[in-house]
Structures are given as C-alpha cells and as structure tokens.
Amino acid sequence: KFPAEEVITLLKDISLQVGRTGKITPVAELEPRILEGTEVSRATLHNPGFIKDLDLHIGDRVLIHKSGGIIPEILKVIAPERPEDSKAYEFPMICPACQEALVVDGANVRCVNSFCPAQQSQKIVYYASRTAMDIEGLAGKTIELLLAKGLITSVADLYDLKVEDLKDLDGFGELSATKLINSIEKSNEQSLSRLIIALGLPHVGTRTAIAIARAFPSLAALRAASVEDLVALNDIGGTTAKAVVNALKEENMQTL
Numbered sequence: 018k019f020p021a022e023e024v025i026t027l028l029k030d031i032s033l034q035v036g037r038t039g040k041i042t043p044v045a046e047l048e049p050r051i052l053e054g055t056e057v058s059r060a061t062l063h064n065p066g067f068i069k070d071l072d073l074h075i076g077d078r079v080l081i082h083k084s085g086g087i088i089p090e091i092l093k094v095i096a097p098e099r100p101e102d103s104k105a106y107e108f109p110m111i112c113p114a115c116q117e118a119l120v121v122d123g124a125n126v127r128c129v130n131s132f133c134p135a136q137q138s139q140k141i142v143y144y145a146s147r148t149a150m151d152i153e154g155l156a157g158k159t160i161e162l163l164l165a166k167g168l169i170t171s172v173a174d175l176y177d178l179k180v181e182d183l184k185d186l187d188g189f190g191e192l193s194a195t196k197l198i199n200s201i202e203k204s205n206e207q208s209l210s211r212l213i214i215a216l217g218l219p220h221v222g223t224r225t226a227i228a229i230a231r232a233f234p235s236l237a238a239l240r241a242a243s244v245e246d247l248v249a250l251n252d253i254g255g256t257t258a259k260a261v262v263n264a265l266k267e268e269n270m271q272t273l
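Structural data, given as structure tokens:
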C-alpha cells in the first residue's frame, strides 16, 4: 500500500459553519493544492480544541493529507515558517448567522437560538434529503432563496407553497415551479419512519426510526410515548429514549 500523500499549503482563514442542531464547525480556508488527484481548498477543524491543539495562526503554513484517503485534514503547522507577528486564532463566541452568543457544549460550541436562519436552512435541507422526505429539486440554494424571500420559515411552510409563489423567482419558471410543488406534494406519501428521520430527532437514524414507527403507528402515538415505552424497544437505549422524548416536548417541535 502506498503511503498517504501530504502537501504543504497556506491557512488563509478559518470560517464557521452552523449545523441544523446549532453546532458550530470551524473550517480551514486553504490556498488550493492538488492532493491525491483533486484540488483541496478547505478542511474541517472539528472543534475549538482541535484548533488549540494544533496552535493554528492565520497565515500559517500547514501540512495536509486526506484522512482515510477522502477527508482533507491538517496534520501540523510548519512552525519554522510562521510569521513573527502572527497571533494564535481566537475562536469567536458569536454566531456568524444570527449574531447571538454561542455556548460551550462539551468539546463543541453551539448556537442555541432556535430561530437562527442558518439552523433553519440546514434543518430544511436535511428534511428534504434523500434519506428523509426525498423532495427532488429542493436543494440548499433553493431553500436559501425561499427563506430570503420570506416564503418559508420552517419545513411546515413548504406545504403552503404554490406554483404562483415560485414561478417568477430567479432560476424558476412555470415548469420548474410545478415540478417542485409536485415533488413536495409527493412527499406526503412517504412512510412514518421517513418523517421521523426528517424531523431530526437526536440519535435517531434509519434503523431506530423504523423500530419507532412499527411500535407507534402515528405521530400522536409517538408524542404520547414515555421514556419507558421507548426503552422497551430492542433498538433504543435510555440515552436515546430520553433525548427523543425531550425533543418531542420542545415548544418548537410541538408547533412543527
């Protein structure tokens, strides 16, 4: 087996991504380099502790490789090439999307503002994804456009959209608007297990969602389930059961 390829590049900046659960993921913005046949210009930095352990400074020369041959990752800083006037990166504690204060959550940092636009966008992306409700034509840029125009604020609003709302938007016409509305309507035929996945309940993947849907054949039945009811299922432990019950009791989830 050949050794993994490694190259040196420049750390130009660190950007922050807001996930659907509010988790903030720092991303290294790199001077593009060809690595194992593809151009690499970004690499995940996982969490603030990872940045601190590497002692990253903006402007550092860094050694990168592809973890598992797939994921770009910074291995180390080329310390002798560091500019003398550089300063260690300080993790900002303000959400880049909603400007609310971030909170420390174990090794991670999180935005706890449930109305954060970046979180809403990612929740809708996840809801529409192939493993969830599989709404064809509803990708990230379209969702951002619908949010920006005020046509939606959550996944529930998708089902109020009409062709007239979409046909005059950038990138749309009568035909493409009709296709998207039909795709949204078709998602009503998805199974309960798919909807459970799409709601983004904590620790719930495909296998767990199927087990829950078999035991609780409606959302009303699931919302009435106790921790003990969920633990009684073969595929669910106490931690997941508590997380699911708590998530279903949240005001925003109840409204949705």
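So that you can map any letter, position 3 of the sequence shown is 20 in the numbering used here, and since no number is skipped, the others follow by simple counting. From the three backbone atoms N, C-alpha and C, an ideal C-beta is built for every residue, glycine too. Keep in mind that this is a model prediction, so the values were computed, not measured.
Using a Cβ-Cβ cutoff of less than 6 Å, which residues in the same chain neighbour PRO134 once the five nearest sequence positions on both sides are dropped?
On the sequence shown, position 117 is the one that residue 134 refers to. Taken in chain order, the residues that qualify are ALA114.
Check whether the segment 257-273 touches the segment 213-224, taking contact to mean three or more Cβ pairs, one atom from each stretch, closer than 8 Å.
Touching, per the Cβ criterion.
Terminal residues of the continuous beta strand (DSSP E) containing ALA60?
Residue numbering aside, residue 60 sits at position 43 when the sequence shown is read from its first letter. Here the beta strand (DSSP E) through ALA60 covers 55-61.
Within the chosen definition, does the segment 26-38 reach the segment 82-89 through at least 3 CB pairs nearer than 8 Å?
Contact check between the segment 26-38 and the segment 82-89: fewer than three CB pairs, one atom from each, fall below 8 Å, which does not count as touching.
Taking 6 Å as the limit between beta carbons, can you name the residues of its chain near ALA194, skipping five residues before and five after?
Counting from 1 along the sequence shown, the entry for residue 194 is found at position 177. Hits under 6 Å: VAL180, LEU183 and LYS184.
Could you check whether GLY36 and GLN139 sit closer than 8 Å to each other, using their CB atoms as the reference points?
One-based indexing of the sequence shown puts residue 139 at position 122. One-based indexing of the sequence shown puts residue 36 at position 19. Taking 8 Å as the Cβ cut-off, GLN139 and GLY36 qualify as a contacting pair.
What is the C-beta distance between ALA230 and SER210, in whole angstroms, given that I count them as a contact (C-beta under 8 Å)?
Here residue 230 refers to the residue found at position 213 when the sequence shown is read from its first residue. Here residue 210 refers to the residue found at position 193 when the sequence shown is read from its first residue. That belief holds up - the Cβ atoms of ALA230 and SER210 are roughly 4 Å apart, short of 8 Å.
Starting from ASP182, trace the alpha helix (DSSP H) both ways and give me its first and last residue.
Position 165 of the sequence shown, counting from 1, holds the residue named residue 182. Run containing ASP182: 180-183, per the alpha helix (DSSP H) assignment.
Straight-line Cα distance separating GLY154 from GLU191:
By one-based count along the sequence shown, residue 191 stands at place 174. By one-based count along the sequence shown, residue 154 stands at place 137. A direct Cα-Cα distance of roughly 14 Å separates GLU191 from GLY154.
Kindly examine the ligand COA and report whether one of its heavy atoms sits closer than 7 Å to the Cβ of ASP187.
Among the components modelled here there is no ligand, and therefore nothing to report on the ligand COA.
So ALA60 and ILE111 are in contact, right, with Cβ under 8 Å, and what is the actual spacing, rounded?
Mapped onto the sequence shown, residue 60 falls at position 43. Mapped onto the sequence shown, residue 111 falls at position 94. Actually they are not in contact, since the Cβ atoms of ALA60 and ILE111 sit about 23 Å apart, beyond 8 Å.
Neighbourhood of ILE198 by C-beta distance below 8 Å, restricted to the same chain and skipping five residues each side:
Indexing the sequence shown from 1 puts residue 198 at position 181. For ILE198, where only same-chain residues beyond five positions count, the Cβ hits under 8 Å are LEU178, LYS179, VAL180 and LEU183.
If contact is defined by three or more beta carbon pairs under 8 Å, each pair taking one atom from either stretch, is the segment 199-209 in contact with the segment 244-261?
Short answer: they don't touch.
Looking at the unbroken alpha helix (DSSP H) that takes in ASP246, where does it start and where does it end?
Position 229 of the sequence shown, counting from 1, holds the residue named residue 246. Taken as a continuous stretch (DSSP letters only), the alpha helix (DSSP H) holding ASP246 covers 244-248.
Residue interval of the beta strand (DSSP E) (run including ARG211)
On the sequence shown, residue 211 is found 194 positions in, with the first residue counted as 1. For ARG211, there is no enclosing beta strand (DSSP E); the enclosing alpha helix (DSSP H) covers residues 209-215.
If you measure between the beta carbons of LEU47 and ASP77, is that distance less than 8 Å?
Taking the first residue of the sequence shown as position 1, residue 47 is located at position 30. Taking the first residue of the sequence shown as position 1, residue 77 is located at position 60. No; because the gap between Cβ atoms is not below 8 Å, this pair is not in contact.
Pull up the distance between the alpha-carbon of GLY39 and that of GLU245, whole angstroms please.
Indexing the sequence shown from 1 puts residue 39 at position 22. Indexing the sequence shown from 1 puts residue 245 at position 228. The straight-line gap from Cα to Cα measures roughly 28 Å.
Cβ-based neighbour list, ALA264, same chain, cut-off 7 Å, excluding 5 preceding and 5 following
Locating residue 264 in the sequence shown gives position 247, counting from the first residue. Counting only Cβ-Cβ distances below 7 Å, and skipping sequence neighbours, we find LEU218, PRO219 and MET270.
Contact between the segment 154-170 and the segment 64-72 (3+ Cβ pairs under 8 Å):
They do not touch, by the three-pair rule.
Proximal residues to VAL57 (C-beta, below 6 Å), its chain only, five neighbours per side dropped
Position 40 of the sequence shown, counting from 1, holds the residue named residue 57. Excluding residues up to 5 positions away in sequence, ARG50 and PRO89 lie with their Cβ nearer than 6 Å to the Cβ of VAL57 in the same chain.
Specify, as a first and last residue, the run of the beta strand (DSSP E) that GLN34 falls within.
If you number the sequence shown from 1, residue 34 lands on position 17. Looking at the DSSP string, the run of the beta strand (DSSP E) that includes GLN34 is 24-35.
Buried or exposed (CB count within 10 angstroms, at least 16 for buried), TYR143:
Residue numbering aside, residue 143 sits at position 126 when the sequence shown is read from its first letter. Around the Cβ of TYR143, a 10 Å sphere holds 16 or more other Cβ atoms; the residue is buried.
CA nearest to the CA of GLY188, picked from LEU175, LEU162 and ILE227
In the sequence shown, the residue the question calls residue 188 occupies position 171. Nearest option by C-alpha distance: LEU162.
Residues sharing a beta bridge with ALA193, DSSP:
To locate residue 193, count along the sequence shown from 1; it is residue 176. The sequence given here has Ser at residue 193, not Ala. Per DSSP, SER193 has no beta-bridge partner at all.
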